[in-house]
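Below: the structure, in structure tokens.
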Amino acid sequence: MERAAVLLGERTDDIVATMSREMGATLPWCGFNVHVAKGMLVEAAAQAYAAVGKVIPSDLPGLTALGVRQPVGVVVGIAPWNAPLILGVRSIVWPLVWGNTVVLKSSEQTPLTQAAIVQVLHDPTWRRPPPRPASVPS
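Per the numbering used here: the sequence shown ends with 140, consecutive numbering throughout.
As structure tokens, then:
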């Protein structure tokens, strides 16, 4: 995920131009999308190494609850057009980090912008591939 954040940063100008062209948004809004998406990828990378279990407070005396992260299988992320990078990354990054396979259903209005998310995750410069695949159905 950290490498994906770096790649997103390196491709900022191209992604901003594509996003602006697809959705008719201002360049500052598109740049903000890239900035926030990079932050999400960095945070997701940190969460990948977080503790796997967490004690959850119980309102019943003498009872303890424990939350455990475990993959559930295939997760579908549906991302709208109005903040395509932020909402696209948010819809797939957490399920990926927690071990799931993710399918991103991108918006018909911003398919190239949302394809950039998958491209940074599958870039051939990765030292090793992501733990689970992500894809955008055609």
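The beta carbon of each residue, even a glycine, is placed where N, CA and C say it ideally should be.
Computed from a predicted structure; not experimentally measured.
With a cutoff of 8 Å on beta-carbon distance, Ala-7 and Val-44 are scored as near each other.
Nearest in C-alpha terms to Ala-47, of all of Gly-33, His-37, Trp-96 and Gln-72, is Trp-96. Linking Gly-41 to Lys-107 through their CA atoms gives a straight-line distance of about 22 Å. At least 8 Å separates the beta-carbon of Ile-119 from that of Gly-101. Look at Leu-65 here: in three-state DSSP terms it is coil, with no helix or strand label.
Looking at Pro-59, Glu-110, Gln-121 and Ile-58, the one whose alpha-carbon comes closest to that of Pro-82 is Glu-110. Taking the C-beta atoms as reference points, Asp-125 is found nearer than 8 Å to Leu-9. In this structure, the CA atom of Ala-27 is about 7 Å from the CA atom of Met-21. For Gly-75, the three-state secondary structure derived from DSSP is coil. In the DSSP assignment, Thr-20 falls within the alpha helix (DSSP H) that extends over 14 to 25.
If the five residues before and after Val-78 are omitted, its C-beta is found closer than 7 Å to the C-beta atoms of Val-105 and Lys-107, all from its own chain and listed in chain order.
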